[in-house]
Amino acid sequence: MDHRKGARRQSLDSGAEGSGQVSNDRERTRERRSAVGRAAVPLLMLLLVDWGSGRLALWRTVSWLALAVLLFVVLCPPRVSAGGNWLASRGLVREQRVRTDLLVSIRVLDGISQRLLLRDSQGGRVEIDPEVLLRNPQLWLRLNEGAQKAAADGLLLCGQTALRRLAARMDRETARAVFKASGLD
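Here it is, written out as structure tokens:
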């Protein structure tokens with residue numbers, strides 16, 4: 200780790216206030232197992248077809264294995280966690296982290312799948328799936344608490360509308376879950 204990244208990590212950790220507890224995405228393990236399965240099934244099918252046709256060779260096996268690894272890399276979800284005034288997303292290679300109390304921008308990126316882009320005043324940038332926040336209320340509470348502090352301090356220049364829409368969506372999903380659990384669907 201170079202000096203700048205070490206200094207940034209130290210400033211993120213030393214400036215983080217709160218209870219010291221870390222909240223993680225609880226569904227990540229299940230999604231990771233699903234990614235392994237979705238990569239392994241085509242690999243096994245391709246190897247069986249090659250074996251059945253008598254064309255199984257080392258170079259074909261290596262290419263099918265490379266294809267399965269690539270599929271796993273694409274499907275593997277990042278690990279999202281949050282603590283006192285920080286939120287992090289760790290992929291297979293690197294971790295992205297922002298200070299939620301120093302957020303300057305929250306944007307919703309539309310596309311094939313909706314993404315939430317968070318930027319802080321220290322140059323940190325995290326891109327996450329909003330569904331992770333819906334599935335994990337603790338992550339949402341930590342993000343919202345920090346974002347509200349950033350807005351109150353006048354740092355959050357872009358994204359208060361996105362934050363309000365996300366909060367309304369969280370409230371709707373929570374109410375729906377309560378009604379479903381109580382049998383009042």
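One rule links them: number in this note's numbering = place in the sequence shown (from 1) + 199.
Note that the Cβ used here is the ideal one computed from N, Cα and C, for glycine as well.
Pro276 counts as buried, since at least 16 other C-beta atoms from the protein chains shown sit within 10 angstroms of its C-beta. Closest option to Leu315, judged by alpha-carbon separation, among Ser304, Ser288, Pro329: Pro329. Between the segment 348-368 and the segment 291-305, the count of C-beta pairs closer than 8 angstroms reaches three or more; the two stretches touch. Cβ-Cβ distances below 8 angstroms link Leu246 to Leu255, Thr260, Trp263 in the same chain, with the five nearest sequence neighbours on each side left out; the list follows chain order. Taking 7 angstroms as the cut-off, the Cβ atoms of Glu372 and Leu332 do not count as close.
Among the bridge pairs identified by DSSP, Cys275 is matched with none.
Arg314: member of the beta strand (DSSP E) spanning 314-319, first to last residue. Exposed is the label assigned to Ile311, since fewer than 16 other Cβ atoms lie within 10 Å of its Cβ. Taken atom to atom, the span from the alpha-carbon of Leu340 to that of Ser252 is near 55 angstroms.
For Val377, the three-state secondary structure derived from DSSP is helix. Taking a 10 Å sphere around the C-beta of Ser280, we find 16 or more other C-beta atoms and assign the residue as buried.
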